[in-house]
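To start, the structure itself, in structure tokens.
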Amino acid sequence: MQMMTRKVLLNMELEEDDDEDGDIGDVPDSRRPFLAPHTPLPSGLVLENFDQTIVCPTFGSLENQQDFRTPEFEEFNGKPDSLFFTDGQRRIDFILVYEDESKKENNKKGTNEKQKRKRQAYESNLICHGLQLEATRSVSDDKLVFVKVHAPWEVLCTYAEIMHIKLPLKPNDLKTRSPFGNLNWFTKVLRVNESVIKPEQEFFTAPFEKSRMNDFYILDRDSFFNPATRSRIVYFILSRVKYQVMNNVNKFGINRLVSSGIYKAAFPLHDCRFNYESEDISCPSERYLLYREWAHPRSIYKKQPLDLIRKYYGEKIGIYFAWLGYYTQMLLLAAVVGVACFLYGYLDQDNCTWSKEVCDPDIGGQILMCPQCDRLCPFWRLNITCESSKKLCIFDSFGTLIFAVFMGVWVTLFLEFWKRRQAELEYEWDTVELQQEEQARPEYEAQCNHVVINEITQEEERIPFTTCGKCIRVTLCASAVFFWILLIIASVIGIIVYRLSVFIVFSTTLPKNPNGTDPIQKYLTPQMATSITASIISFIIIMILNTIYEKVAIMITNFELPRTQTDYENSLTMKMFLFQFVNYYSSCFYIAFFKGKFVGYPGDPVYLLGKYRSEECDPGGCLLELTTQLTIIMGGKAIWNNIQEVLLPWVMNLIGRYKRVSGSEKITPRWEQDYHLQPMGKLGLFYEYLEMIIQFGFVTLFVASFPLAPLLALVNNILEIRVDAWKLTTQFRRMVPEKAQDIGAWQPIMQGIAILAVVTNAMIIAFTSDMIPRLVYYWSFSIPPYGDHTYYTMDGYINNTLSVFNITDFKNTDKENPYIGLGNYTLCRYRDFRNPPGHPQEYKHNIYYWHVIAAKLAFIIVMEHIIYSVKFFISYAIPDVSKITKSKIKREKYLTQKLLHESHLKDLTKNMGIIAERIGGTVDNSVRPKLE
């Protein structure tokens, strides 16, 4: 019997105000492909398969509401922990929430009626596709209606095959060895209590096929599909069911219905309250277990129950917490080495000769330094930088060099070992062949109106645009991203101009002779005031640009139209990270590599835009300022993110609870409790990943200036894991479980940061710190022919590295000499390597400068080549997939194929035997009369 397509769709006349649903997902029905049931789905064209799998009765005129198949209304049965329909048999797989149009307070009767008809058409089509619906009114707000969705066994089997979901074939008999061996007694304290969270049984799995249902490990139909898989299947259907046909254009999907306000929410249920076990003894209370053993502060020292996280929230959430936990473990080693290098610098600061010379009243106290700006800045004595020079000795030490080299190796070890760990999780969580399973996004399917020939199958398939159209889209998207990056660079330049101009203002308004007893006057120098105000303005600009660019990036990615959800997220990730990279790191790059590098000298200073004198480093040097900048950004960012992630949803839920408080306490069902939780954003864990990757950049790119960065990151991450866990289990609705094979585009981003980190750290040591000039002085200029000492020493370094300037030698004839009238001085000193006045090549770079430049370039080349060689050797020596994991994957594939093949042979042998018997009987009947 030929299966007929019977659709219950809302055919409306064209109305002016019907654009609320947008255009994505609208495609003429005549241009859509028609697929046979249960065939492979090229290019992800799954949407049409819905019309083939379910037979719906024919309805009459769709203008009459009586033609819709609507869910039955049932009263709440008073069981707050129930996860079933009122009959107690059918499990709730999804919840849809809408506001009864007849009870809405607004007076837009026409709009309400249209929304009601769309909703009824959508629910009717859900029923036609085999889903079972039951509606219940809210016990606290009579206007709200909760539609409970249940997927019967046949529907689950049908779409498990369409989605290529892997399901158990037989228990896994491969034994796994603990990597800790004899240390199990020690790691037992850190592991989750197995008597509370029992280990999951492992199975050999294969993509589900209804024709081979007997081959699968089905002990109980109710438990064969776990709740996460059931929710995935139902969401797959909800995302593709149509609700309107207008001018031969289909509109479909729960996401668009929610965004247009027809439904207020759509989500799967938590299985219980987070702080109490379910009263239903059949419920495993996994949410409660996750809160108790994972999110609760007392479990902060324990390992994460990754298998239970994956089972409850899906692989996508599980892989994030697995990566974050592994990153945190690796940070422990980096933090220990970083603290050791910091302590080395701290304990060795008393032996810092050049700092002693700065603080010595007979040396630093006698050196008069040139003003750092025109007219308004005074001459100053070098010894006022005594405290900052002592602090600089802590960070600008030999230990910092060792730590920078170590971090170049550490980041490679982290990335390579994470690949191995990720491969193990792919095997354990059945995501090895995920790319073959993943279906196309419904928005992509809806735009597939170009017919092409598949190079592999040589069959026709539909794609959304031609090669030329794809090139145009990619070009437009890249141009838009490039424009926004240029906008950030323009804002950074604006901040620099602000710093240069406002420095003069603060120099005139702040007291020139601060009272040493007033701590505010003591520390609020013109440089400090300029940095604080510039940082505040920069922060405001960053947040404004972030808010705007997030919407722009989503629009660009929607226009680009990636095929799968993974492709969509990877594309959005790259766009957002490029923007955030420039946004967050631009100030650090400016301080490290540009500030104070192009200032000229006092007689011929460099002016920006012909007006603003180029900014010089603070008296303590740019390295100390870079260290301060990193500390403020990392600490401030961590505090701000925790406020956003913890305080904001907690306050929103608290306000919601106060609004719902009434005179009498009412028992609320599970679905209503979950509805009042905060919804997870459309981007899911994107911002959690982004936060950690930005931190990863700070830990690796600029670690030569701040060896305590890994320690701060370690402390933050230990808290971050539990904060994210607490947020997911207590403050947010349950997310739709999703599959994920890896961490996506974040992996190549980290690899790019790791390569760039070698260059940045080498350049920080070479150009931002004073390590190379000190080494050059020690080995070349402290002894003859350039020095006066008979042995290698750092004595005289300060005097040797400060150049002399005669204040009457101001070169710029367009400006008045800014140094006249500031005091009865004739000579001053400045930070540079130039010849003194009266020299045949006065104020030109001296021989010391060229020695230092040559040493810096040689150091960068040697350091880069050494670290890159070690990195590439480590990458080559450590395979991405361990030998044990490879063996497990091959054995599982072998046993799975063998099991399915043997089953197929049994069926074939059985069928051949029946056929042979029939043929034998026919031959006997035909031969016997002739013999007679």
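Numbering (the UniProt record's numbering), first residue to last: 1 to 932.
We treat Cβ as the ideally placed atom computed from N, Cα and C, and that holds for glycine.
Candidates P669, E445, G469 and Y312: closest to residue 936 by CA position
Because the chain is modelled from 1 through 932, residue 936 falls outside the range shown and cannot be assessed.
Residues in the same chain with beta-carbon distance under 8 Å from P464, minus the five sequence neighbours each way, listed in chain order, please.
Annotation for P464: Y444, Q447, C448, N449, H450 and L561 place their beta carbon closer than 8 Å to its own, counting only its chain and skipping 5 residues before and after.
Delimiting residues of the beta strand (DSSP E) encompassing F204
F204: member of the beta strand (DSSP E) spanning F203 to P207, first to last residue.
Where P199 sits in the DSSP three-state scheme
Residue state, collapsed to three classes: coil.
Roughly how many angstroms lie between the CA atoms of S535 and I489, to the nearest whole one?
Answer to the nearest angstrom: the Cα atoms are 15 Å apart.
C377 versus V505 - alpha carbon distance
Distance from the CA of C377 to the CA of V505, rounded to the nearest whole angstrom, comes to 11 Å.
Which residue comes first and which comes last in the alpha helix (DSSP H) that contains V862?
Taken as a continuous stretch (DSSP letters only), the alpha helix (DSSP H) holding V862 covers I847 to A877.
Looking at C-alpha atoms only, which residue of K311, K888 and G345 is the closest neighbour of F395?
Nearest C-alpha to F395: G345.
For E286 and I197, what's the separation of their Cα atoms in angstroms?
Approximately 9 Å, taken between the alpha carbons.
Tell me whether D222 is buried or exposed, calling it buried when 16 or more other Cβ atoms sit within 10 Å of its Cβ.
Flag for D222 reads exposed.
Have a look at E616 and K595 and give me their C-alpha separation to the nearest angstrom.
Using only the alpha carbons, I get a separation of about 6 Å.
Ignore the nearest five residues each way along the sequence and tell me which others in V241's own chain have a CB closer than 7 Å to its CB.
In its chain, beyond the 5 residues on either side, F50, Y122, N125, L126, H129 and F252 have a beta carbon closer than 7 Å to the beta carbon of V241.
Whose C-alpha, out of E842, T760 and D788, is nearest the C-alpha of M407?
Nearest C-alpha to M407: T760.
Give every residue of the same chain whose Cβ lies closer than 8 Å to the Cβ of L333, excluding the five residues on either side of it in the sequence, and list them in chain order.
So the list reads W410, once near-sequence residues are dropped.
Rounded separation between A757 and V405 - CA only:
So the alpha carbons of these two residues sit roughly 10 Å apart.
From S780 to I866, what distance separates their C-alpha atoms?
So the alpha carbons of these two residues sit roughly 25 Å apart.
Does the segment 339-358 come close enough to the segment 381-400 to have 3 or more Cβ pairs within less than 8 Å?
Touching, yes, given that three or more Cβ pairs across the two stretches are closer than 8 Å.
Between S338 and P710, which are expected to be in contact by the criterion C-beta below 8 Å, what is the C-beta distance as a whole number of angstroms?
In the sequence as displayed, the identity of residue 338 is Gly instead of Ser. 5 Å between Cβ atoms; contact.
Nearest CA to the CA of N250: which residue from P442, E433 and R829?
That would be P442, whose Cα lies nearest to the Cα of N250.
Beta-carbon within less than 7 Å of E209's beta-carbon, same chain only, minus the 5 sequence neighbours each way: which residues are those?
Correct list, in chain order: E161.
Opposing strand residues paired with L609 [DSSP bridges]
DSSP lists no beta-bridge partner residue for L609.
Could you spell out the range, first to last residue, of the alpha helix (DSSP H) harbouring C828?
Boundaries for C828: no alpha helix (DSSP H) harbours it, while the beta strand (DSSP E) harbouring it runs L827 to R831, taken from the DSSP string.
Along the chain, where does the alpha helix (DSSP H) that runs through Y98 open and close?
Per DSSP, Y98 lies in no alpha helix (DSSP H) segment; the continuous beta strand (DSSP E) that holds it begins and ends at F94 to E99.
Measure the C-alpha to C-alpha separation of M433 and N77 and round it to an integer number of angstroms.
Note on identity: in this sequence residue 433 is Glu, with Met being the wrong assignment. Counting only the Cα atoms, N77 lies some 44 Å from E433.
Find the nearest neighbour of L167 within the set L190, D215 and N570, judged by alpha-carbon distance.
Measuring from the Cα of L167, the nearest candidate turns out to be D215.
Contact between the segment 828-837 and the segment 855-866: three or more CB pairs below 8 Å?
Segments in contact, no.
Alpha helix (DSSP H) segment containing S138, residue limits:
Note, S138: premise wrong, no alpha helix (DSSP H); not H, not E.
Could you tell me how far apart the beta carbons of Y743 and W323 are, in whole angstroms, since I believe they sit closer than 8 Å?
Before going on, a small fix: residue 743 reads as Ile here, not Tyr. Rounded, the Cβ-Cβ distance is 5 Å, consistent with contact.
Starting from the C-beta of Y568, find all residues in its chain whose C-beta is less than 8 Å away, skip the five residues before and the five after it, and write them out in chain order.
If you ignore the 5 residues before and after Y568, its C-beta comes within less than 8 Å of the C-beta of R441, T557 and P562, all in its own chain and listed in chain order.
Are the Cβ atoms of A745 and M576 separated by less than 7 Å?
Against a cut-off of 7 Å, the Cβ pair of M576 and A745 comes out as no contact.
Could you pull the DSSP bridge partners for A440 from this structure?
When beta bridges are read from the DSSP output, A440 appears opposite T564.
Alpha-carbon to alpha-carbon, T328 and E72
Each residue's alpha carbon lies about 51 Å from the other.
So for I463, helix, strand or coil by DSSP?
In this structure, I463 counts as strand in the three-state DSSP scheme.
F236 lies in the alpha helix (DSSP H); which residues open and close that run?
Element bounds for F236: P227 to L238.
Nearest residue (CA-CA) to G318, options I860, R420, Y786 and L685:
The candidate whose alpha carbon is nearest that of G318 is L685.
The beta strand (DSSP E) enclosing F267, as first and last residue numbers:
Per DSSP, the continuous beta strand (DSSP E) segment holding F267 begins and ends at A265 to F267.
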